[in-house]
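K.L.:
Going by the UniProt record's numbering, the final residue of the sequence shown carries number 381, and the count climbs one at a time with no gaps.
All C-beta atoms, glycine included, are put in the ideal place defined by N, C-alpha and C.
Remember, predicted model here, so these are calculated numbers, not experimental data.
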Amino acid sequence: MKSLKRYAGIIVVLVVSILIVATSKLIYQGGFLKDKARKNVTYEKAIVKSIDTEKVQKDEKLNYIEVGMQNITVELRSGEYRGQVFQIKNSISRLYNTKVEKDMEIVVAILKDKGQISDITIYSYKRSNVIYSLVGIFILTIIGIGRLKGVKSVVALIFTFVSIIFFMIPLMLRGVSPVVAAIGVAFMITFVTLYLLNGRSKKTYCAIIGTLMGIVAAGIISYVSGKFAHLSGLTMENTENMLYVAENSSLKLHGIMFAGILIASLGAVMDVAMSISSALYEIFSLNHKLSSKDLFKSGMNIGQDIIGTMSNTLILAFAGGSLSLIILIVSSNMASLQLLNLDIVGTEIIQGISGSIGVVLTVPFTAFICSLVYKKYPKSK
């Protein structure tokens, strides 16, 4: 009985995750949008049987890139043509730089015309095995070091993934405001993650409240800043594709940027809130005579040590994700007036700073909540 109770939270979260996946189509029944340009294309696994001819040379200006042409023989390993062998051409350019070797696993694009194969091209290297292996190593590392907490962490990650892909995205496609959808999912993820990992306690509830306050603060700041800066979020990557999605669904593009900020900063905000709540819980457990004011001061002192690293973490995450953009901007030697008024630069800066402000504000929010709750309910867990 104790063993079942020990794993009850894990079982419940997994069941809820399965239910979310199962009911996702009820939220948005539009299904996947058809790719007009590739409606007659299928993608299949293949292996390179031989390199028949090859004319490849180093690029004149970028000598670490090879360009040219390969004539190769491939055997399909999936789909209706599995086992069949085809001779195809592989054009290697700067942009499509997929040079293959014998026995290499690849993914090919098969173009059909009137039910017959009209062309086969190399789509990409087969990377899925590496991804699956890395995910497996990641999960085993978490469980190996964290034991039961590690298992709970993995389950919480699964719930987070499912909530975003199978709940938040369908809500957005149905026409729900991206900000509202993101706040709702942020609440779900926060509650499930902290409750599953730390159990039912005062420190868990205080951390949940502190997290939600920090996330809402980040959302409000980004929204207001975006309004004053006239940022719509339509300068995002893949904007053209997003416009196509919006045309064929009820997706509202204007709130996606702000929803992204909420989700991107959630992990850091949650971490700060739990750290403050847990630390103050231990301090108050050792000395119940501490006043609410003393607890708040202690929380602020602890938070000062956390703020620097956590804000840095969020800024670096946004900078890393926009590294290509940063390189292009720095190398172009733009004037500051031109640079600071670029919509894409403004979007990235507001994303990074809004999330960081949310992290910083989580410290006083959580410290204040803890100072009230711990003092008012000193004996309860």
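Please specify which runs of the alpha helix (DSSP H), each continuous and at least 4 residues long, are wholly inside the segment 175 to 212, giving them in chain order.
P.N.:
178 to 198
K.L.:
In whole angstroms, give me the CA-to-CA distance for L323 and I306.
P.N.:
So the two alpha carbons sit approximately 25 Å from each other.
K.L.:
How about E44 and S78: are their beta carbons less than 8 Å apart?
P.N.:
yes
K.L.:
Can you check DSSP and say which residues form a bridge with I92?
P.N.:
Per the DSSP secondary-structure output, I92 pairs in a beta bridge with G68.
K.L.:
Would DSSP call S225 helix, strand or coil?
P.N.:
helix
K.L.:
Just list the residues that DSSP pairs I122 with in beta bridges.
P.N.:
V108
K.L.:
Which of the three DSSP states is assigned to A46 in this structure?
P.N.:
strand
K.L.:
Considering only residues of the same chain and omitting the five flanking positions on each side of I20, which have a CB-CB separation below 8 Å?
P.N.:
Only V162, S163, F166, F167 meet the Cβ criterion.
K.L.:
Let me check one thing: in DSSP terms, what residues is I51 bridge-paired to?
P.N.:
I72
K.L.:
Can you tell me whether residue 440 is helix, strand or coil according to DSSP?
P.N.:
Since the first residue shown for the chain is 1 and the last is 381, residue 440 is missing from the structure and cannot be characterised.
K.L.:
When you compare only the Cα positions, how much space is there between V67 and Q57?
P.N.:
6 Å
K.L.:
If V363 and G267 are in contact, beta carbons under 8 Å, what's the gap, nearest whole angstrom?
P.N.:
At roughly 16 Å, the Cβ-Cβ gap does not stay under 8 Å, so V363 and G267 are not in contact.
K.L.:
Restricting to Cα atoms, I'd like to know which of A109, V130, L134, S285 is closest to S124.
P.N.:
A109
K.L.:
Measure the beta-carbon distance from L253 to M242 and round it to whole angstroms, keeping in mind my assumption that it falls under 8 Å.
P.N.:
6 Å
K.L.:
I'd like the span of the alpha helix (DSSP H) that includes residue 388, first residue to last.
P.N.:
Missing from the structure shown is residue 388; the chain here goes from 1 to 381 and no further.
K.L.:
Per DSSP, F86 is paired with what?
P.N.:
V74
K.L.:
When the Cα of A122 is compared with those of F138, I145, S133, N97, which residue comes out closest?
P.N.:
The residue asked about is misnamed: residue 122 is Ile in this sequence, not Ala. The shortest C-alpha separation from I122 is found at N97.
K.L.:
At the level of alpha carbons, what is the spacing between L316 and L361?
P.N.:
19 Å
K.L.:
Apart from the five residues just before and just after L251, which ones in its own chain have a Cβ nearer than 6 Å to its Cβ?
P.N.:
Within its own chain, the residues whose Cβ lies closer than 6 Å to the Cβ of L251, once the five positions on either side in sequence are excluded, are M172, L173, V245, listed in chain order.
K.L.:
Does the structure place the segment 333 to 352 close enough to the segment 282 to 289 that three or more beta carbon pairs sit under 8 Å?
P.N.:
no
K.L.:
If the criterion is Cβ atoms closer than 8 Å, does the pair E101 and V48 meet it?
P.N.:
Yes.
K.L.:
Between which residues of its own chain and P170 is the CB-CB distance below 7 Å, once the five residues before and five after are set aside?
P.N.:
S24, I27, Y28
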